[in-house]
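Presented below is the structure to which this report refers.
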Amino acid sequence: MHDDIRISLAATGDVGSVSRMVKAGVARQEIARALRRGELIRLRRDVVVSAAVWEAAQPWDRHRIRARAIMHSPQTAPALALSHHSALSLLGVPLFGVDNRVHVVRTDGRRGHSDDLLRVHAPISPSWVTEVDGIRVVKPARAALQVAGTFGIQSGLVSADGCLHLELCQPSDLDEALAVGGYGHGTSRAKKVVAHADGLSESAGESRCGWVFHMLDLPVPERQVLIHGRDGQLLGRVDFLFREKRTIVEFDGAIKYSSRDDLMREKLREDRLRALGYTVVRLTWDDLAHPVRVLGKVMAAFALVASAS
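Going by UniProt numbering, the first residue of the sequence shown is number 1, and it counts up by one from there.
Shown next, in the form of structure tokens:
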């Protein structure tokens, strides 16, 4: 890749605007050559990204790259701000059940044009817009409720919990964001999210577990509970504890076991919990897609504890 292109991309985080590069002095021929060689990937007419960065990115990171790329293009109206999960992606907020299009709102009261990559929503007040790394974004509390209104309660709850856990907003911010409205037919979903979000979940999976338990009408479990052994030694913190049922539920995202040693330590911890009289249930992403399976696992654990007492 030509040095001028590399320098230009570095200035904007490996995404860039063709028109901005040309204005800065990069020859169009060099950009065209980089595209032909596969060194650049065109995401939109005026938007390109380093192919190496794009190919190395995880699926959930590609949305952030698209969003940043569009907002760095001079062809993007200055009155636009990233919204919904596109705004939250820049802040590292967990996402679930959202689409790949970049979502934006206008702040000048005008309507905008949507296409296959970009969805422009109804205008909002500029007071709900802030900046992240020089990019205009809807404030986290409002963006999380936009996700709820557009994509559903579980999607919104994952994002709202993430915003609270990362201290990007407070419960009062969610209340205020709900009060201003603007969620259309999704208002009832946004209300549910505000009622249930507490920031205790440390992952999208934990947020989804909590909602599935609610929908299954299970007892409300305690969250992030410290468990000590009989000698007072801390055995660890568990995701969910149904205390009266002596049942622990852990969400297993299959990422935390980076080595065999990690797996063995977790097995030893689980054995110690069982020795204290707890039953341990592990839930996976696949389990959450089948709530009846979740119910079966939890109820079987309850029954096992009851039979042993």
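Built from N, CA and C at the ideal position, the CB exists for glycine as well.
**Asked** Going by other Cβ atoms of all chains shown within 10 Å of its Cβ, with 16 needed for buried, is residue 129 buried or exposed?
**Response** By 1-based counting over the sequence shown, the position of residue 129 is 129. Buried, since its Cβ has 16 or more Cβ neighbours within 10 Å.
**Asked** With contact counted as at least three CB pairs below 8 Å, one residue from each stretch, are the region 175-189 and the region 142-153 in contact?
**Response** Contact between the region 175-189 and the region 142-153 is present, because at least three Cβ pairs lie under 8 Å.
**Item:** Whole-angstrom C-beta distance between residue 95 and residue 60, which should lie under 8 Å
**Value:** One-based indexing of the sequence shown puts residue 60 at position 60. One-based indexing of the sequence shown puts residue 95 at position 95. Cβ atoms of residue 60 and residue 95 come within 8 Å of each other, at about 6 Å.
**Classification of residue 274 by the beta-carbon crowding that lies within 10 angstroms, buried from 16 upward** = Numbered from its first residue, the sequence shown carries residue 274 at position 274. The residue in question, residue 274, is exposed, as its Cβ has fewer than 16 Cβ neighbours within 10 Å.
**Asked** Would you report the Cα separation of residue 336 and residue 222, rounded to the nearest angstrom?
**Response** This structure gives no information on residue 336, because the portion of the chain shown stretches from 1 to 309.
**Cβ-Cβ distance between residue 74 and residue 20 below 8 Å** = If you number the sequence shown from 1, residue 74 lands on position 74. If you number the sequence shown from 1, residue 20 lands on position 20. Closer than 8 Å, so yes.
**Asked** In chain order, what residues of the same chain have a beta carbon less than 6 Å from the beta carbon of residue 140, not counting five sequence neighbours either side?
**Response** If you number the sequence shown from 1, residue 140 lands on position 140. Answer for residue 140: 163, 168, 169, listed in chain order.
**Message:** Considering only DSSP beta bridges, list what residue 81 is partnered with.
**Reply:** One-based indexing of the sequence shown puts residue 81 at position 81. Within the DSSP secondary-structure output, residue 81 pairs in a beta bridge with 105.
**Request:** Report the option in 146, 216, 192 whose CA atom is closest to the CA atom of residue 98.
**Result:** As a first step, residue 98 must be located in the sequence shown, where it is residue number 98. It is 146 whose Cα lies nearest to the Cα of residue 98.
**Integer-rounded CB distance, given that residue 5 should sit under 8 Å from residue 31** = Residue mapping note: residue 31 aligns to position 31 of the sequence shown, counting from 1. Residue mapping note: residue 5 aligns to position 5 of the sequence shown, counting from 1. Beta-carbon to beta-carbon, residue 31 and residue 5 are separated by about 7 Å, close enough to satisfy the 8 Å threshold.
**Request:** Pick out whichever of 232, 133, 48, 200 has its Cα sitting closest to the Cα of residue 66.
**Result:** Taking the first residue of the sequence shown as 1, we reach residue 66 at position 66. Of the listed residues, the one whose Cα sits closest to residue 66 is 48.
**Request:** Have a look at 240, 137, 296 and flag the residue whose alpha-carbon is nearest the alpha-carbon of residue 127.
**Result:** Your numbering for residue 127 matches position 127 in the sequence shown. Of the listed residues, the one whose Cα sits closest to residue 127 is 137.
**Asked** How is the alpha helix (DSSP H) around residue 155 delimited, first residue to last?
**Response** The residue labelled residue 155 in the question sits at position 155 within the sequence shown. Per DSSP, residue 155 belongs to the alpha helix (DSSP H) from 153-165.
**Prompt:** Can you tell me whether residue 3 is buried or exposed, with buried defined as 16 or more other CB within 10 angstroms of its CB?
**Reply:** Working through the sequence shown from its first residue, we reach residue 3 at position 3. Residue 3 is classed as exposed because its beta carbon has fewer than 16 other beta carbons within 10 Å across all chains shown.
**Message:** Quick test of your reading: residue 251 and residue 205, contact by CB under 8 Å. State the CB separation rounded to the nearest angstrom.
**Reply:** As a first step, residue 251 must be located in the sequence shown, where it is residue number 251. As a first step, residue 205 must be located in the sequence shown, where it is residue number 205. Right, their Cβ atoms sit about 4 Å apart.
**residue 249 burial status per 10 Å Cβ neighbour count (16 or more: buried)** = Locating residue 249 in the sequence shown gives position 249, where the first residue counts as 1. Its Cβ being crowded by 16 or more others within 10 Å, residue 249 is buried.
**Prompt:** Which whole runs of the beta strand (DSSP E) in the region 202-274 are 3 residues long or more, in chain order?
**Reply:** Segments of the beta strand (DSSP E) lying fully in the region 202-274: 222-228, 234-242, 247-251.
**Message:** Between the region 273-291 and the region 299-306, can you find at least three pairs of beta-carbon atoms closer than 8 Å?
**Reply:** Contact between the region 299-306 and the region 273-291 is present, because at least three Cβ pairs lie under 8 Å.
**Item:** Euclidean distance between Cα positions of residue 29 and residue 78
**Value:** The residue you call residue 29 lines up with position 29 of the sequence shown. The residue you call residue 78 lines up with position 78 of the sequence shown. Looking at the two C-alpha atoms, the distance is approximately 28 Å.
**Asked** Got a sec: does the ligand MN put a non-hydrogen atom nearer than 7 Å to the Cβ of residue 206?
**Response** As presented, the structure is devoid of all ligands, the ligand MN included, so that no description of it is given.
**Limits of the beta strand (DSSP E) - the one that residue 17 falls within** = In the sequence shown, counting from the first residue as 1, residue 17 sits at position 17. Here the beta strand (DSSP E) through residue 17 covers 15-17.
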